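Asks: Residue 13 is where the sequence shown starts when you use my numbering, and the numbers rise one by one after that.
Glycine residues also receive a C-beta, built at the ideal position from the N, C-alpha and C atoms.
Here the structure is a predicted model, which means the values were calculated and not measured.
Please read through the structure below; I'll follow up with questions.
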Amino acid sequence: RMLQGKLEQPISNPPSPADFNQGDRANNLSSHIQHLRDEVSRFREQLTTAQEEHNRTAQQYANEERLIREENLRLQRKLQMEVERREALCRHLSESESSLEMEEERHYNEITSQRHRTLSSPVPYNPSPSSSRPLSPVSETWKSHITRAICKAHCPSPK
(Lines of atoms letter the chains of each structure in order from A and count residues from 1; the text may use other names and numbers.)
(Lines give C-alpha, C1' and ligand atoms only; values in the text may rest on other atoms or scores of the structure.)
Protein backbone atom coordinates (compact mmCIF):
# COMPACT_ATOMS: atom_id res chain seq x y z
CA ARG A 1 0.00 0.00 0.00
CA MET A 2 2.86 2.32 0.76
CA LEU A 3 4.31 1.56 -2.67
CA GLN A 4 0.98 2.22 -4.33
CA GLY A 5 0.74 5.51 -2.45
CA LYS A 6 4.19 6.47 -3.66
CA LEU A 7 3.29 5.44 -7.21
CA GLU A 8 0.30 7.72 -7.17
CA GLN A 9 2.42 10.66 -6.04
CA PRO A 10 4.18 12.61 -8.79
CA ILE A 11 7.87 11.82 -9.15
CA SER A 12 8.79 15.45 -9.51
CA ASN A 13 6.86 18.64 -9.22
CA PRO A 14 4.63 19.13 -12.25
CA PRO A 15 5.55 22.00 -14.50
CA SER A 16 3.97 25.26 -13.58
CA PRO A 17 1.19 26.54 -15.84
CA ALA A 18 3.23 29.71 -16.24
CA ASP A 19 5.85 27.65 -18.13
CA PHE A 20 3.43 27.01 -20.98
CA ASN A 21 2.56 29.66 -23.47
CA GLN A 22 -1.10 30.17 -24.08
CA GLY A 23 -1.20 28.64 -27.59
CA ASP A 24 -0.20 25.08 -26.92
CA ARG A 25 -0.94 24.97 -23.23
CA ALA A 26 -3.92 22.58 -23.61
CA ASN A 27 -2.00 20.32 -26.00
CA ASN A 28 1.06 20.12 -23.72
CA LEU A 29 -1.05 19.52 -20.63
CA SER A 30 -2.93 16.64 -22.25
CA SER A 31 0.31 15.03 -23.50
CA HIS A 32 1.89 15.47 -20.07
CA ILE A 33 -1.17 13.89 -18.41
CA GLN A 34 -1.01 11.00 -20.87
CA HIS A 35 2.72 10.59 -20.15
CA LEU A 36 1.99 10.44 -16.40
CA ARG A 37 -0.79 7.89 -16.92
CA ASP A 38 1.54 5.72 -18.99
CA GLU A 39 4.18 5.98 -16.27
CA VAL A 40 1.64 4.95 -13.59
CA SER A 41 0.58 1.97 -15.74
CA ARG A 42 4.20 0.94 -16.22
CA PHE A 43 4.89 1.19 -12.48
CA ARG A 44 1.79 -0.86 -11.69
CA GLU A 45 2.95 -3.57 -14.09
CA GLN A 46 6.39 -3.54 -12.47
CA LEU A 47 4.77 -3.80 -9.03
CA THR A 48 2.59 -6.71 -10.13
CA THR A 49 5.61 -8.47 -11.64
CA ALA A 50 7.66 -7.90 -8.48
CA GLN A 51 4.81 -9.19 -6.28
CA GLU A 52 4.44 -12.32 -8.42
CA GLU A 53 8.19 -12.94 -8.26
CA HIS A 54 8.11 -12.42 -4.49
CA ASN A 55 5.22 -14.88 -4.13
CA ARG A 56 7.03 -17.48 -6.25
CA THR A 57 10.21 -17.07 -4.19
CA ALA A 58 8.30 -17.24 -0.89
CA GLN A 59 6.54 -20.42 -2.06
CA GLN A 60 9.86 -21.93 -3.12
CA TYR A 61 11.38 -21.14 0.30
CA ALA A 62 8.35 -22.63 2.05
CA ASN A 63 8.68 -25.83 -0.02
CA GLU A 64 12.42 -26.05 0.70
CA GLU A 65 11.79 -25.56 4.42
CA ARG A 66 9.13 -28.28 4.41
CA LEU A 67 11.46 -30.70 2.61
CA ILE A 68 14.30 -29.92 5.01
CA ARG A 69 12.04 -30.46 8.02
CA GLU A 70 10.88 -33.81 6.60
CA GLU A 71 14.49 -34.84 5.95
CA ASN A 72 15.46 -33.76 9.47
CA LEU A 73 12.64 -35.83 10.96
CA ARG A 74 13.61 -38.84 8.84
CA LEU A 75 17.24 -38.55 9.93
CA GLN A 76 16.24 -38.18 13.60
CA ARG A 77 14.21 -41.40 13.35
CA LYS A 78 17.07 -43.18 11.62
CA LEU A 79 19.50 -41.99 14.32
CA GLN A 80 17.15 -43.19 17.06
CA MET A 81 16.92 -46.60 15.39
CA GLU A 82 20.71 -46.81 15.18
CA VAL A 83 21.07 -45.83 18.85
CA GLU A 84 18.56 -48.52 19.84
CA ARG A 85 20.35 -51.03 17.62
CA ARG A 86 23.71 -50.16 19.19
CA GLU A 87 22.26 -50.49 22.69
CA ALA A 88 20.77 -53.89 21.79
CA LEU A 89 24.12 -55.03 20.41
CA CYS A 90 25.85 -53.88 23.60
CA ARG A 91 23.32 -55.78 25.71
CA HIS A 92 23.87 -58.84 23.55
CA LEU A 93 27.64 -58.47 23.90
CA SER A 94 27.32 -58.18 27.67
CA GLU A 95 25.08 -61.24 27.78
CA SER A 96 27.51 -63.14 25.57
CA GLU A 97 30.39 -62.13 27.79
CA SER A 98 28.50 -63.29 30.87
CA SER A 99 27.68 -66.54 29.14
CA LEU A 100 31.33 -67.02 28.18
CA GLU A 101 32.44 -66.32 31.73
CA MET A 102 29.91 -68.81 33.07
CA GLU A 103 31.10 -71.37 30.51
CA GLU A 104 34.71 -70.74 31.53
CA GLU A 105 33.82 -71.15 35.18
CA ARG A 106 31.82 -74.33 34.51
CA HIS A 107 34.63 -75.79 32.47
CA TYR A 108 37.18 -74.82 35.10
CA ASN A 109 35.05 -76.49 37.75
CA GLU A 110 34.80 -79.62 35.59
CA ILE A 111 38.55 -79.71 35.11
CA THR A 112 39.13 -79.12 38.80
CA SER A 113 36.66 -81.84 39.75
CA GLN A 114 38.28 -84.22 37.24
CA ARG A 115 41.68 -83.67 38.79
CA HIS A 116 40.36 -84.28 42.28
CA ARG A 117 38.47 -87.36 41.10
CA THR A 118 41.49 -88.85 39.37
CA LEU A 119 43.68 -88.24 42.36
CA SER A 120 41.32 -89.26 45.10
CA SER A 121 38.70 -91.55 43.57
CA PRO A 122 39.37 -95.19 42.73
CA VAL A 123 36.34 -95.23 40.40
CA PRO A 124 37.29 -94.37 36.81
CA TYR A 125 35.77 -91.16 35.51
CA ASN A 126 34.14 -91.24 32.07
CA PRO A 127 33.85 -87.70 30.76
CA SER A 128 30.78 -86.82 28.75
CA PRO A 129 31.25 -86.16 25.02
CA SER A 130 30.28 -82.51 25.49
CA SER A 131 33.13 -81.89 27.91
CA SER A 132 35.70 -83.68 25.77
CA ARG A 133 36.61 -80.56 23.82
CA PRO A 134 39.75 -78.91 25.11
CA LEU A 135 39.36 -75.39 26.42
CA SER A 136 42.04 -72.89 25.67
CA PRO A 137 42.16 -70.53 28.65
CA VAL A 138 44.07 -68.00 26.58
CA SER A 139 41.43 -68.09 23.86
CA GLU A 140 38.49 -67.73 26.28
CA THR A 141 40.23 -64.99 28.24
CA TRP A 142 41.05 -63.22 25.00
CA LYS A 143 37.37 -63.34 23.93
CA SER A 144 36.36 -61.95 27.28
CA HIS A 145 38.81 -59.05 27.00
CA ILE A 146 37.72 -58.27 23.45
CA THR A 147 34.05 -58.27 24.44
CA ARG A 148 34.73 -55.94 27.36
CA ALA A 149 36.75 -53.55 25.19
CA ILE A 150 34.06 -53.44 22.50
CA CYS A 151 31.31 -52.87 25.02
CA LYS A 152 33.24 -50.15 26.87
CA ALA A 153 33.98 -48.36 23.61
CA HIS A 154 30.48 -48.50 22.17
CA CYS A 155 27.98 -49.07 24.95
CA PRO A 156 26.50 -46.27 27.04
CA SER A 157 27.50 -46.35 30.64
CA PRO A 158 24.72 -47.47 33.04
CA LYS A 159 22.78 -44.63 34.59
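In angstroms, rounded to a whole number, what distance separates the CA positions of I123 and E117?
Replies: 10 Å
Asks: Taking the straight line between their C-alpha atoms, what separation do you get for E77 and L48?
Replies: 43 Å
Asks: To the nearest angstrom, how far is it from the Cα of L79 to the Cα of M93?
Replies: 21 Å
Asks: Is it the case that the CB of A62 approaches a heavy atom of the ligand NAD more closely than 6 Å?
Replies: The ligand content of the structure shown is nil, which means the ligand NAD is not present either.
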